[in-house]
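Following: one structure in structure tokens, then a few remarks.
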Amino acid sequence: EFKAAFDMFDADGGGDISTKELGTVMRMLGQNPTKEELDAIIEEVDEDGSGTIDFEEFLVMMVRQMKEDAKGKSEEELANCFRIFDRNADGFIDIEELGEILRATGEPVTDEDIEDMMKDSDKNNDGRIDFD
């Protein structure tokens, strides 16, 4: 799903999303962001300073957006989403499960990418992502 969304944003197929591409899609979705707002969105997730969003940065952006959207969702809906990613049903998402999820997108993901995402998501530094 994330790869399909990324490809929709990446209109020229260049492997990254520019402010122009982001603006086009947001306007298609009924939003009307200013150039400054688009620049701010890209700057917020552009970890490598390229001025564009690559797929890994897009995933980070989507996770942040899901967290923001989740504020209005019920605990039950969130638990169901978490269970989908918690493949061994132990109540946690470990680095192996996170790697499986990211690799399932079909995009090349390095071990370093996975470790970085785990560090960002593992709030209590126990090596696992907790539902709480």
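With this note's numbering applied, the sequence shown corresponds to residues 8 to 139, in that order. The beta-carbon is built from N, C-alpha and C at its ideal position, and this holds for glycine as well.
Environment of Ile91 [buried if 16+ CB atoms lie within 10 Å]: For the purposes of this step, residue 91 is identified with residue 84 of the sequence shown, where counting begins at 1. So Ile91 ends up on the exposed side.
Leaving aside the five residues before and after Asn39 along the sequence, list all residues of the same chain whose C-beta is less than 7 Å from its C-beta, in chain order. Your numbering for residue 39 matches position 32 in the sequence shown. Excluding residues within five positions, none has a Cβ falling inside 7 Å.
For Ile102, the residue or residues it bridges with in DSSP: Along the sequence shown, read from residue 1 onward, the residue named residue 102 stands at position 95. Note: Ile102 sits in no beta bridge, so no partner.
Burial state of Thr26, where buried means 16 or more other Cβ atoms lie within 10 Å: Here residue 26 refers to the residue found at position 19 when the sequence shown is read from its first residue. It is buried - the Cβ of Thr26 has at least 16 other Cβ atoms within 10 Å.
If we count the other Cβ atoms within 10 Å of its Cβ and call it buried at 16 or more, is Phe13 buried or exposed? Residue 13 sits at position 6 when you count from the first residue of the sequence shown. The residue in question, Phe13, is buried, as its Cβ has 16 or more Cβ neighbours within 10 Å.
Tell me the residue span of the alpha helix (DSSP H) that contains Arg94. Taking the first residue of the sequence shown as position 1, residue 94 is located at position 87. Note, Arg94: premise wrong, no alpha helix (DSSP H); not H, not E.
Quick check on Asp137: does DSSP put it in helix, strand or coil? Here residue 137 corresponds to residue number 130 of the sequence shown, with the count starting at 1. Strand at Asp137.
Exposure label - Phe138; buried when at least 16 CB within 10 Å: As a working mapping, residue 138 is identified with position 131 in the sequence shown. The residue in question, Phe138, is exposed, as its Cβ has fewer than 16 Cβ neighbours within 10 Å.
Could you spell out the range, first to last residue, of the alpha helix (DSSP H) harbouring Gly30? Within the sequence shown, numbered from 1, the residue matching residue 30 stands at position 23. Per DSSP, Gly30 belongs to the alpha helix (DSSP H) from 26-35.
Considering only the beta carbon of each residue, do Asp19 and Ile60 sit closer than 8 Å? For the purposes of this step, residue 19 is taken as the residue at position 12 of the sequence shown. For the purposes of this step, residue 60 is taken as the residue at position 53 of the sequence shown. Cβ atoms of Asp19 and Ile60: not closer than 8 Å.
Burial state of Met68 (16 or more Cβ within 10 Å): In the sequence shown, the residue the question calls residue 68 occupies position 61. When all chains shown are included, Met68 counts as buried.
Contacts around Phe99, its chain only, beta-carbon distance under 7 Å, and the 5 residues preceding and following it disregarded: Taking the sequence shown and counting its residues from 1, one reaches residue 99 at position 92. These residues qualify, in order along the chain: Asp93, Arg135, Ile136, Asp137.
Less than 8 Å between the beta carbons of Glu44 and Glu54, yes or no? Taking the first residue of the sequence shown as position 1, residue 44 is located at position 37. Taking the first residue of the sequence shown as position 1, residue 54 is located at position 47. Taking 8 Å as the Cβ cut-off, Glu44 and Glu54 do not qualify as a contacting pair.
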